[in-house]
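Protein chains: 2
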Amino acid sequence: MPRSRSRLANDAWESLLTAHAALMKRFAAEPIWDELSMREYDVLYTLAKHGEPMRLYELGRGVLLSQPALSRLVDRLAERGLVERAPDPADGRGLRLALTETGREQQRRVGGRHAVDVARAVNAALTDEEMRQLEAIGRKLAACDPAPPPQTRRPNRQEAPR
Amino acid sequence: MPRSRSRLANDAWESLLTAHAALMKRFAAEPIWDELSMREYDVLYTLAKHGEPMRLYELGRGVLLSQPALSRLVDRLAERGLVERAPDPADGRGLRLALTETGREQQRRVGGRHAVDVARAVNAALTDEEMRQLEAIGRKLAACDPAPPPQTRRPNRQEAPR
DNA sequence: TTCAAGTAGATGCAAACGCATGAACATCAG
DNA sequence: CTGATGTTCATGCGTTTGCATCTACTTGAA
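Same order as they appear, the protein sequences are chains E and V. The numbers in the numbering used here rise by one with no breaks, and the one at position 156 of the first sequence is 156. The numbers in the numbering used here rise by one with no breaks, and the one at position 67 of the second sequence is 1067.
Okay, structure coming up:
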């Protein structure tokens, strides 16, 4: 009898998790993270990919880190001169985060080495067709992202009429 | 012109990373982690899936955590009565980790609720065919796991002959 | 304008993590 | 048997994380 759709989904998710953990461990073991930790690189990469100035909460979408942790990570990167934080003229609460020249350079250097390892690992495991499939599947999974509003989103109902 | 194989691999990996982050955030936001953190659940789940007694370093293969961190996480789980650690009679260095009845029960309870969220998210994003593809791809990615030995594994070459 | 509600980011603090290292045991060549 | 080497897990310690909370600012309705 065929697996239920729910079972199928859970098996697929577990498979993704396992692959993620295995590859992350493998990449983490590579000797290229001496100037930038993987998380720091993740932030710099996200900033580099995104045109230029970026809000902290935007960054948070892509990085698996709590808002305070991300805030402090950016602190450290700024202290090291890799990221520039400027107040956002359009929103007094917000920041405009951008790579400095040094930051961009370091991201490129580490990124280049990392890409080699990624290509080696993924190419060894998958066919071109599978890589294309994975890319498409990942995109679809990430797209349903905004998460379901917690329970039925009440239409701003106030207290009971007093 | 077609993307290079290396580019293809990196795009696929980035897609996987993005999907992983998005879904993890979404699952983490669910109100089911009051008795067990996601990492703790991960450990209990791994123990539950694996027949019974498990070595710490085996656990480490599946969990994205350093060995000391895992060691202490298991400490806490043992203190809470969810995991049992016994010395391994076959290897004086090792441990035999197993779920207690309470641990298994808690894993089932949380796991049941979590599976619902996983199924909802994945089913909404993928077709049956895609879920099967993802499972297969993940398996292949995780299989190439043992990582290439750092550089050419020298055959235990000693110093230059003196 | 005024004020309630919402949002962006920072901060205090305890918990958890990673790195380096240590202790105990296993393994194997000589 | 003995000593060198490798493996498994634990521990010290400084750093980083998450949770709860705070401040500053924006938004929108009255």
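Every residue, glycine too, gets a C-beta built ideally from N, C-alpha and C.
Residues sharing a beta bridge with residue i, DSSP
{"i": "E:P87", "result": "E:L95"}
Span separating the alpha-carbon of residue i from that of residue j
{"i": "E:A90", "j": "V:R1007", "result": "37 angstroms"}
{"i": "E:T100", "j": "E:P31", "result": "25 angstroms"}
{"i": "V:T1046", "j": "V:D1011", "result": "29 angstroms"}
{"i": "E:A121", "j": "E:R132", "result": "15 angstroms"}
{"i": "V:S1015", "j": "E:I137", "result": "8 angstroms"}
{"i": "V:T1102", "j": "V:E1040", "result": "14 angstroms"}
{"i": "E:L134", "j": "V:G1092", "result": "44 angstroms"}
{"i": "V:A1022", "j": "E:M38", "result": "18 angstroms"}
{"i": "E:V83", "j": "V:A1086", "result": "49 angstroms"}
{"i": "V:G1168", "j": "V:P1053", "result": "The requested residue 1168 of chain V does not occur in the structure, where chain V is confined to residues 1001 to 1162."}
{"i": "V:A1125", "j": "V:G1094", "result": "43 angstroms"}
{"i": "V:L1036", "j": "V:R1080", "result": "11 angstroms"}
{"i": "E:D117", "j": "V:L1017", "result": "15 angstroms"}
{"i": "V:L1141", "j": "E:D88", "result": "42 angstroms"}
{"i": "V:H1050", "j": "V:L1044", "result": "10 angstroms"}
{"i": "E:L77", "j": "E:R3", "result": "48 angstroms"}
{"i": "E:R55", "j": "V:A1098", "result": "45 angstroms"}
{"i": "E:L59", "j": "E:N123", "result": "29 angstroms"}
Residue burial classification, residue i (beta-carbon count within 10 angstroms, cutoff 16)
{"i": "V:A1069", "result": "exposed"}
{"i": "V:Y1057", "result": "exposed"}
{"i": "E:M1", "result": "exposed"}
{"i": "E:D34", "result": "exposed"}
{"i": "V:W1013", "result": "buried"}
{"i": "E:R26", "result": "buried"}
{"i": "E:G112", "result": "exposed"}
{"i": "V:E1129", "result": "exposed"}
{"i": "V:Q1106", "result": "buried"}
{"i": "V:A1029", "result": "exposed"}
{"i": "E:D42", "result": "buried"}
{"i": "E:A9", "result": "buried"}
{"i": "E:A19", "result": "buried"}
{"i": "V:A1119", "result": "buried"}
Residue i - DSSP class collapsed to helix/strand/coil
{"i": "V:R1003", "result": "coil"}
{"i": "V:T1102", "result": "helix"}
{"i": "V:L1126", "result": "coil"}
Quiz prompt | Ranges of the alpha helix (DSSP H) found wholly within the region 17 to 89 of chain E, counting only runs of at least 4 | solution = When DSSP assignments are scanned along the region 17 to 89 of chain E, the uninterrupted stretches of alpha helix (DSSP H) that are 4 or more residues long and fall wholly within it turn out to be 38 to 49, 56 to 62 and 67 to 79.
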